[in-house]
Amino acid sequence: MPVPVNKNLHILIMPSWYKSPETPVLGTFFEEQARALQKEGYTVGVIYPEYTPPGELFSSKNKERLDFYMDKGIPTFNIKTQAGIPKLRRLSYRQYSKAVNDVYDEYVKNFGKPDLIHAHSVFHAGIAGFQIAKLHKIPFIITEHLTAYLMGYINNKVDIEVAREIFEYADGSLIVSHNFRKDLEKQLDLPEHTFKVIHNLVNELFFNSYLPKTYSGTEETFRFFTNSFLLPRKNIRLIIDAIKILLDKGLNVHLTIGGDGPMNETLREYVKFLGLESKIHFTGKLWRDEVKTEIDKSHAFVLASQYETFGVVLIESLACGRPVVCTDSGGPSDFVHKEQGVIVKEHESDALAKGMEHVILNYNSYNQKELISYCRENFNEHKIASEMMEMYHNVLSKRVIYS
C-alpha cells in the first residue's frame with residue numbers, strides 16, 4: 023500500500039561536502055536547505071560522510087574520525103573514512119559505504135529511521151546514500167551539483183557507470199539548473215528529463231535590512247565584489263585583468279575579493295605584480311553575515327567561472343538589490359536576464375570588462391527593489407522547500423511500505 027502522505031516527515035540529508043571545524047563555511051547551502059525543511063515542520067538529520075581519497079588517509083590531516091553534535095536541533099554526524107584501494111574503485115566504494123552504514127545504524131538507534139534519504143552529489147555521499155537506501159529499503163533522492171563531470175574531472179569508466187546506476191536507481195534525481203540538466207544528461211547519455219530542476223534557495227539573511235546604493239558618476243569609486251572558493255575554475259584572475267582594463271580606460275573602480283582557497287597566494291602575488299594593491303582588496307574567508315555586509319558595500323557583483331551549476335552567490339547579491347555581471351557559465355542563464363545584469367558570452371578579460379562597464383554606465387537604471395522582489399519570488403526558502411516537499415511526498419506516495 024502507498025505510504026501515507028503527511029507533513030511531519032523525517033529526512034536524512036547526506037551532503038558530499040559540509041561544514042567542519044576545519045572548513046566552517048563549506049556547503050552552507052546544504053545546511054540552509056536543511057534549515058528551510060526544519061522550519062516547515064520536518065524532522066531533519068545530517069550524515070556527512072567525508073571522503074578521503076586513497077593515498078591521502080595517512081596524512082596527519084586525514085585521520086579517520088567520527089564526530090557528532092546537535093546543531094540547533096539537527097543531529098549531525100561527520101565521518102571521515104578511508105576510500106580503500108585506488109585501482110579497485112567498486113571495492114573501495116563498498117568499503118566506504120559500509121563504514122558510513124555503521125554510522126547510519128547509530129543514527130537510527132538514536133533518532134529513528136528516516137522516511138527518505140536525500141543525498142547531494144554522487145561523489146561521494148551519493149554512493150553511500152545509494153547503498154544504504156538499497157540495504158534498508160528506504161526511498162532515495164539525489165541532487166547533483168558537481169561541475170566536475172563537465173570539466174572533465176570525472177572520466178573514469180567505473181565512476182561514470184556508478185553515476186548512471188545511481189541516477190537510474192533513485193526515486194528522484196534532481197539538478198539545480200536547466201542548462202546543467204541538459205549538459206549532464208548529454209554527458210552521461212541519460213534520457214532527456216532524467217533530472218527535475220529545483221533551484222537553490224537564498225538565505226533569508228540576504229533579504230534583511232536593504233541598503234540602497236546609488237552611483238553619482240565617474241568621480242565616485244564604483245565597487246565590485248566577488249566571493250568564492252579560490253579555485254582555478256573560478257577564474258578570479260580574469261576579473262583582476264578586467265579591473266585593470268577598466269582602470270587603464272580611466273574608470274574609477276575597486277574590486278573586493280572574498281573567500282579563501284588554493285589560489286589565494288597566487289592571486290595576491292598577481293595583484294602585487296600589476297601594482298593594483300590599492301584597487302583590489304582580499305578579505306579572506308567570510309561568514310554569511312560578512313558576505314551580506316560586503317555585498318551591501320558594493321555596487322555590483324561579478325563572477326567569471328568557467329562553469330557554474332547554479333551560482334548561489336549571484337542570487338545572494340540580487341537579494342540585496344545589487345545587479346550582477348557573470349560569464350556565460352551554464353546555471354546563471356536560468357535567472358540572470360537584462361533586468362538583473364549582464365551575462366558575458368566570451369570568457370575573455372576584454373569582454374568581461376565591457377560587461378562590467380555596461381553595468382557601471384547604466385547603474386541607476388537597475389531597479390534595486392525589483393531585483394529583490396524578483397529574487398524573493400523565485401528563490402525564497404519557503405518556495406524551494408515547498409518544491410522539495412512536493413518531491414518527497416510524490417516519491418513516498420508511490421513507494422510500498424516495507425516491514
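Here the sequence shown is numbered in this note's numbering, starting from 23 and rising by one per residue.
Glycine included, every Cβ here is placed at the ideal spot set by N, Cα and C.
Which same chain residues end up closer than 7 Å to residue i when comparing Cβ atoms and leaving out the 5 residues on each side of it in sequence?
i	result
Val313	Asn249, Gly280 and Glu338
Asp318	Leu233 and Cys342
Leu227	Arg310, Asp311 and Lys314
Phe51	Asn222 and Val334
Tyr292	Arg259 and Ile262
Gly49	Pro37, Trp39, Tyr40 and Lys41
Can you give me the C-alpha to C-alpha distance between residue i and residue j, rounded to a whole angstrom?
i	j	result
Ser327	Thr278	16 Å
Lys159	Ile382	55 Å
Gly239	Asn384	10 Å
Phe229	Leu223	12 Å
Leu34	Met285	34 Å
Leu212	Ser114	25 Å
Tyr414	Ile261	40 Å
Ile197	Gly134	28 Å
Leu273	Ile265	9 Å
Asn416	Phe357	26 Å
His221	Cys397	12 Å
Leu393	Leu206	30 Å
Lys15	Asp124	It is not possible to answer for residue 15, since the shown part of the chain is limited to 23 through 425.
Glu403	His303	32 Å
His380	Ala121	53 Å
Val324	Phe247	6 Å
Ser2	Glu183	The question about residue 2 has no answer, for the chain in this structure spans 23 to 425.
Ser442	Lys391	This structure gives no information on residue 442, because the portion of the chain shown stretches from 23 to 425.
Ala141	Phe152	8 Å
Val25	Thr305	Residue confidence for Val25 is low, a pLDDT of 43 falling below 50, so the modelled location carries little weight; the figure read from the coordinates is stated next. Cα to Cα, the separation comes out at about 50 Å.
Val364	Lys208	27 Å
Asn177	Arg112	15 Å
Glu86	Ser42	14 Å
Lys179	Leu253	26 Å
Ser320	Ser395	19 Å
Lys376	Glu241	19 Å
Arg186	Tyr64	30 Å
Lys271	His359	27 Å
Phe295	His215	48 Å
Between the options, which has its C-alpha nearest residue i's C-alpha?
i	options	result
Thr165	His369, Tyr292, Leu298 and Pro37	Pro37
Phe217	Asn402, Phe189, Asp211 and Lys420	Phe189
Ala373	His32, Ile267, Leu393 and Lys208	Ile267
Arg203	Leu289, Phe401 and Leu172	Leu172
Pro62	Ser419, Lys420, Met411 and Arg421	For clarity, residue 62 is Glu in the given sequence; the question names Pro instead. The candidate whose alpha carbon is nearest that of Glu62 is Met411.
Glu361	Ser395, Tyr388, Glu86 and Arg259	Tyr388
Gln117	Glu53, Lys156 and Thr103	Thr103
Thr98	Lys179, Leu210, Asp263 and Ala56	Ala56
Leu269	Phe90, Ser395 and Glu299	Glu299
Tyr22	Pro254, Ile101 and Asp89	With the chain covering 23 to 425 only, the question about residue 22 has no answer from this structure.
Phe509	Pro75, Tyr64, Phe332 and Tyr129	The structure shown has nothing for residue 509, since the chain only spans 23 to 425.
Asn386	His359, Ala322 and Phe332	Ala322
Leu210	Gly194, Asp181, Tyr237 and Phe332	Asp181
Ser405	Ala170, Pro46, Ala58 and Ala150	It is worth fixing the name first, because residue 405 is Lys in this sequence and not Ser. That would be Ala58, whose Cα lies nearest to the Cα of Lys405.
Looking only at its own chain, which residues have a Cβ that is under 6 Å from the Cβ of residue i, when we skip the five neighbours before and after it?
i	result
His276	Thr243, Arg245 and Lys301
Lys256	Ser250 and Ser327
Leu168	Ser143
Thr349	Ala326, Val366 and His369
Asn200	In the sequence as displayed, the identity of residue 200 is His instead of Asn. The answer, listed in chain order, is Val219 and Asp356.
Ile154	Asn123 and Tyr126
Leu88	Ile101
Gly283	Phe251, Leu252 and Leu253
Report yes if the CB atom of residue i is closer than 7 Å to the CB atom of residue j, and no otherwise.
i	j	result
Gln60	Val66	yes
Gly352	Glu330	yes
Phe162	Ala192	yes
Glu399	Asn225	no
Ile258	Leu308	no
Val347	Met378	yes
How should residue i be labelled, buried or exposed, when 16 other C-beta atoms within 10 angstroms of its C-beta is the threshold for buried?
i	result
Asp127	exposed
Pro71	buried
Lys235	buried
Ser408	exposed
Arg344	buried
Asp336	Going by the sequence as given, residue 336 is Leu instead of Asp. Leu336 comes out buried.
Tyr448	The shown model of the chain, from 23 to 425, leaves out residue 448, and the question about it has no answer.
Glu95	Position check: residue 95 holds Gly in this sequence, whereas Glu was assumed. Gly95 comes out exposed.
Leu138	buried
Pro354	buried
Leu31	buried
Leu340	buried
Glu316	buried
Ser195	buried
Gly174	exposed
Between residue i and chain C, is there a C-beta pair that is closer than 7 Å?
i	result
Pro97	This model lacks chain C altogether; it includes just one protein chain.
Going along the chain, which residues of its own chain have a beta-carbon closer than 8 Å to the beta-carbon of residue i, five neighbours each way excluded?
i	result
Leu17	Lying outside 23 to 425, the shown extent of the chain, residue 17 is not represented and no answer is given.
Ile149	Tyr115, Tyr118, Ser119, Val184 and Ile188
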